[in-house]
Every structure is written in structure tokens, then in C-alpha cells.
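Notes for the one structure printed next.
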Amino acid sequence: PVPMAGDEYPSAASMELLNRPKVPGQVTITVTSSKGGSGKSTASILLAGSIARAARDAGRPLSVCLIDLDTRDGQIASLIGKFMPTALNIRVQPVWDEGRIRRNLVRAEGIDADTLLAPIRPRTAETVGPDFYRTIIRSLQRMYDVIVMDTSVQYLDPLIAQVALPEADEILFVTTLASTAVQGMARALREITAPLDESGLGIPREKIGILVNQSVANVGMERDQVLAAGLGVPVVGVIPLATKDVLTATNLNRMYALLDHPLIGPAYNDLARACLLSPVGTASR
Numbered sequence: 013p014v015p016m017a018g019d020e021y022p023s024a025a026s027m028e029l030l031n032r033p034k035v036p037g038q039v040t041i042t043v044t045s046s047k048g049g050s051g052k053s054t055a056s057i058l059l060a061g062s063i064a065r066a067a068r069d070a071g072r073p074l075s076v077c078l079i080d081l082d083t084r085d086g087q088i089a090s091l092i093g094k095f096m097p098t099a100l101n102i103r104v105q106p107v108w109d110e111g112r113i114r115r116n117l118v119r120a121e122g123i124d125a126d127t128l129l130a131p132i133r134p135r136t137a138e139t140v141g142p143d144f145y146r147t148i149i150r151s152l153q154r155m156y157d158v159i160v161m162d163t164s165v166q167y168l169d170p171l172i173a174q175v176a177l178p179e180a181d182e183i184l185f186v187t188t189l190a191s192t193a194v195q196g197m198a199r200a201l202r203e204i205t206a207p208l209d210e211s212g213l214g215i216p217r218e219k220i221g222i223l224v225n226q227s228v229a230n231v232g233m234e235r236d237q238v239l240a241a242g243l244g245v246p247v248v249g250v251i252p253l254a255t256k257d258v259l260t261a262t263n264l265n266r267m268y269a270l271l272d273h274p275l276i277g278p279a280y281n282d283l284a285r286a287c288l289l290s291p292v293g294t295a296s297r
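Going by our numbering, the sequence shown opens with residue 13, and the numbers climb by one from there.
Here it is as C-alpha cells:
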């Protein structure tokens, strides 16, 4: 996105930071869904961790920042077992410069990523609205190689419609194989990709890829049906079902253990490489 003119940013924005060029090769990925329970937050954390690990293993480490944009029901804090500071701690600063932003990020142990946590109390969601987050995301694009944004499932919410989707280079749409989830995805993708003059969000289809989560064979929903519901959006990752192991990692705040899981680990490693090597929505993958 083209940077806004100085007077369009909130007054606390650091123009010194925003006027810098983005980190070379910077990639911003939004992870979203239309249905709760799809494992979107788990996917966001494991994607961030897998990208950090894949880059390190390739001998060119990348700095990764994970942002929880679900300001009413953020899950990232619970998953990493750390709850403070949050985005609200940046919001109240007189200037949102690099030093103040960095001081209010939380390191996710074992994931090798910094996180910007959502406010703890839903009533403060309005305080950290779209203008704040747009500014902070663009600031972080000048600080981190890779940004992964976890969103709520309300894809018409201004924070998603006006910030998370337009600011992203790549969008991962998470679905399970439940027919309700696949039908909801079809509805959401139609709204997201429809042109503005047809009351859609006008997001280019080429930016979007489908991530099938909790995948299991022979449940009456095949890959072809998911593709048909996806309106030509490609499936770029399939994460196998491992309910007990995911629940255990979640409850023990040991999400990083899933990076070494015999089924889940390789699937996220493949997804991380796909996200880094070529635009998500290209059918070549």
C-alpha cells in the first residue's frame, strides 16, 4: 500500500519510522476464516514459527512479528501464556516510534517470533481501531521481514475489511472440512473478492490461498469440493487432524512443540516455504 500522507495518520504516528522504506522483501500475511473453531489462531502461531525456523534452517534468518487483530476475542495471548503488554500499551504512548513499539511486543517462547497482543478487555476494542492498527502494521513493515496477522471471523469488520485484508501481500483463508465451514468460506470469498461497485471488498483473488485445517480422509468432503467452493482460489496447504496433540499443546502453552509434530510440523514447514517463495494465490502450488 502507498503510505498515507502525514496528516492522514493519527498524530502519535512516528513519521520518521513510516518514511523509512519497508524492509527489503517484506511479506505481510493475513490469516482469516469465516467460522470459529477452524484453528485460525493455531495456524497463525505455527505459520509464524515455521517461517522463522525454515528461514533459519536455510541460513538466512528472518525477523517475524505475529499480530493478534482479534480485538474482541484474541486468542494468541492464551496460546503463548503471556498476556501483557498489549496493543493498548502502544496506543497510549505519545509517539508510536520503533523503541516504544518494540518495548510493548511480547516474545513467544519456542516460536522465535515477537507478538503484538490484542487488548485483554473487549470494551477497549474501539480504542485501538483501524487507524491505529494500519499505522502500527505499516510501522512494523519497516522493522520486520515477515508479519503474520491473526484476525477475527467477522470479515466485514472494519479492522479486517479496511486493514488486515488490504494491507496483506498474502491472505490465508482457513477452513475445516465441515460442510458449514466450506459453505461459509464460499460466502466470505464471494464478498471479499467481489468488486467494490458490487458491494464487495475488492480484494484481488491472486492474494488468497485456502488452508484446509484439521484435515481427515473420507468425511464426505473432498478436495475438489473445497476447490469448487473456493471460487478458483487454490488450496495452498493441508494440515492433518491431530486433535489430542493440538489440545495438549494448547492447554500447556507449548504450541512450539507442534513444530516438531510428525504430521503437523512438516505440513506447516511446506506452508511456510510456500508463503515465502511465491505469492499465495498462484495455482502453481
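All residues carry an ideal CB built from backbone N, CA and C; glycine is no exception.
If I measure Cβ to Cβ from V175 and keep anything under 6 Å in the same chain, skipping five residues before and after, which residues do I get? Sequence-distant Cβ neighbours of V175 in its own chain, meaning closer than 6 Å and more than five residues away, are P142, Y145, R146.
If contact is defined by three or more beta carbon pairs under 8 Å, each pair taking one atom from either stretch, is the stretch 107-124 in contact with the stretch 267-279? Touching, per the Cβ criterion.
Taking all protein chains shown into account, decide if T40 is buried (16 or more other Cβ within 10 angstroms of its Cβ) or exposed. buried
Contiguous beta strand (DSSP E) assignments of at least 3 residues, all confined to the stretch 38-113: As far as the stretch 38-113 is concerned, its whole beta strand (DSSP E) runs of at least 3 residues are 39-44, 76-80.
Rounded separation between S53 and V35 - CA only: 25 Å
Alpha carbon to alpha carbon, how far is G93 from N263? 9 Å
Which whole-angstrom value describes the C-beta separation of V118 and L100, a residue pair presumed to lie in contact below a C-beta threshold of 8 Å? Incorrect: roughly 13 Å between the Cβ atoms, too far for contact.
C-beta contact flag for L275 and P252 at 8 Å: yes
So, at 8 Å on beta carbons, what are the nonlocal neighbours of G37 in its own chain, with the 5 sequence-adjacent residues on each side left out? D157
Between I63 and A284, which are expected to be in contact by the criterion C-beta below 8 Å, what is the C-beta distance as a whole number of angstroms? 4 Å
Go ahead and pull the three-state DSSP assignment for Y280. Three-state DSSP puts Y280 in a helix.
Outcome for R135 when other beta-carbon atoms lying within 10 angstroms are tallied against a minimum of 16: exposed
Does the beta-carbon distance from D257 to D162 come in below 8 Å? no
Considering only C-alpha positions, which residue in the set V186, S75, R217 is nearest to P178? Relative to P178, the option among V186, S75, R217 whose CA is nearest is R217.
Cβ of V247 within 8 Å of Cβ of S45? no
With distances taken Cα to Cα, identify the nearest neighbour of D272 among A66, N31, T42, E28. A66
Could you tell me which residues DSSP pairs with T127 in its beta bridges? L78, V118
From which residue to which residue does the alpha helix (DSSP H) around Q195 run? 191-205
Pick helix, strand or coil for E182, following the three-state DSSP scheme. strand
Going along the chain, which residues of its own chain have a beta-carbon closer than 8 Å to the beta-carbon of G48, five neighbours each way excluded? V165
With a threshold of 6 Å on Cβ separation, who are the neighbours of G249 within its own chain once the five nearest residues in sequence on each side are excluded? L223, L283
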